[in-house]
Ligand SMILES: *Cc1c(COP(=O)(O)O)cnc(C)c1O
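Numbering (the working numbering), first residue to last: 53 to 416.
This is how it looks when you write it as structure tokens:
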């Protein structure tokens, strides 16, 4: 059983996607074509901010957003100790230092109560990750940031479409970053990403940064990068966009089925009030992960572990000076988390097979 079934997705939307791609081929505007501009406008509207800037990937969205802050070497960016490696990588690639904070064991997101004690004179921003498709407490984060004169950036690479207090993920901070990697909630058929911002000056700056730092007159104002969302990817995503809310609804329905069947045998995702989770991943916690994985394997069911290593314990992070024991909840989560198949085309009958294996083998 597939973890994510992108083939069924394509078959369902085939006509729309083919027409959309064909239009790009006929137009010949492969870079910054019409579809890129339309996607930027449509997604900014969906997110609820004036500006969307298409870039080459989610990682690049993070890097370029951080570069908007004009960081100096040694500046510190606070982020969660439990995320995909790109969150920390983007900070390091900008010459800044990631400062990790432990997570809330119920949501896997940054423990907002511990942010303040991580702030120093060198802290410039909080990079908050909406992990697995659930936003952290952005009101609390924004409050801490305002008091301490910090910027807030969202890593919304897994959470496009999620809602926090009636507002959409990626529209909750100064710079909201998302990814169109195929398996993300709004995936393309290759790499791509977007930055969202309410700030006109930052939007202009991002438009330069993604194009080698060149302004409209072709003058290099700042060292930039080559970070383009190509027109064919934008056309694929545009064709899929009308189906997004239906897909998210389907994901939530499957998540409810999992939760009601599994909550007695393992920890199922917690959804705080005033949030909608998009289940980019369906992450449970089990006390006996190796045996559960073996059972899934024996039953030909795909699974994933996101993430088996917290950010501070990767060898590349060694120079940052962290050690085992520094972030006990992130470390515990790394040992217990297990992601189950979830995608809009997962049939109830297949989900029932997953459920019966988990019910039989999982221990808290
Ligand atoms: C996928 C992901 C990224 C990186 O996105 P890419 O488009 O693959 O570069 C960054 N952060 C998180 C949390 C992600 O899940």
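We put the CB at the ideal spot given by N, CA and C, even for glycine.
For residue i, the nearest candidate out of the options (CA to CA)
i	options	result
residue 106	374, 282, 394	282
residue 90	288, 375, 415, 338	288
residue 259	241, 244, 280, 240	280
residue 102	190, 249, 398	249
residue 366	413, 272, 382	382
residue 170	183, 146, 196, 138	196
residue 265	97, 82, 116	116
residue 355	125, 124, 406, 104	406
residue 255	125, 119, 202	119
residue 275	93, 284, 263, 326	263
residue 84	314, 278, 300, 154	278
residue 373	93, 86, 150, 55	150
residue 162	134, 139, 138	134
CB of residue i within 8 angstroms of CB of residue j, strictly
i	j	result
residue 121	residue 177	yes
residue 319	residue 336	yes
residue 364	residue 386	no
residue 212	residue 184	no
residue 392	residue 310	yes
residue 339	residue 268	no
residue 229	residue 108	no
residue 291	residue 68	yes
residue 236	residue 210	yes
residue 293	residue 403	no
residue 182	residue 132	no
residue 295	residue 65	yes
Assumed close pair residue i, residue j - CB separation to whole angstroms, cut-off 8 angstroms
i	j	result
residue 205	residue 238	Not really, about 19 angstroms apart at Cβ, beyond 8 angstroms.
residue 57	residue 395	5 angstroms
residue 142	residue 111	6 angstroms
residue 317	residue 411	6 angstroms
residue 167	residue 153	6 angstroms
Extent of the continuous beta strand (DSSP E) run through residue i
i	result
residue 190	It is not in any beta strand (DSSP E) - residue 190 instead sits in the alpha helix (DSSP H) that spans 190–200.
residue 71	Segment 58–79 is the alpha helix (DSSP H) holding residue 71; no beta strand (DSSP E) there.
residue 179	175–181
residue 98	First-last for residue 98: 86–99, but that is the alpha helix (DSSP H), not the beta strand (DSSP E).
residue 129	128–132
residue 336	334–337
residue 105	103–107
residue 144	Element bounds for residue 144: not the beta strand (DSSP E) but the alpha helix (DSSP H), 137–145.
residue 149	149–153
Range covered by the alpha helix (DSSP H) that runs through residue i
i	result
residue 347	341–350
residue 401	400–413
residue 207	That residue, residue 207, is in no alpha helix (DSSP H); its beta strand (DSSP E) goes 203–207.
residue 310	296–314
residue 112	110–119
residue 381	380–388
residue 320	Counting along the chain, residue 320 falls outside any alpha helix (DSSP H), and DSSP gives it neither H nor E.
residue 288	283–292
Runs of beta strand (DSSP E) wholly within the region 227–280 (minimum 3 residues, chain order): Note on the region 227–280: whole beta strand (DSSP E) runs with a minimum of 3 residues are 227–231, 245–249, in chain order.
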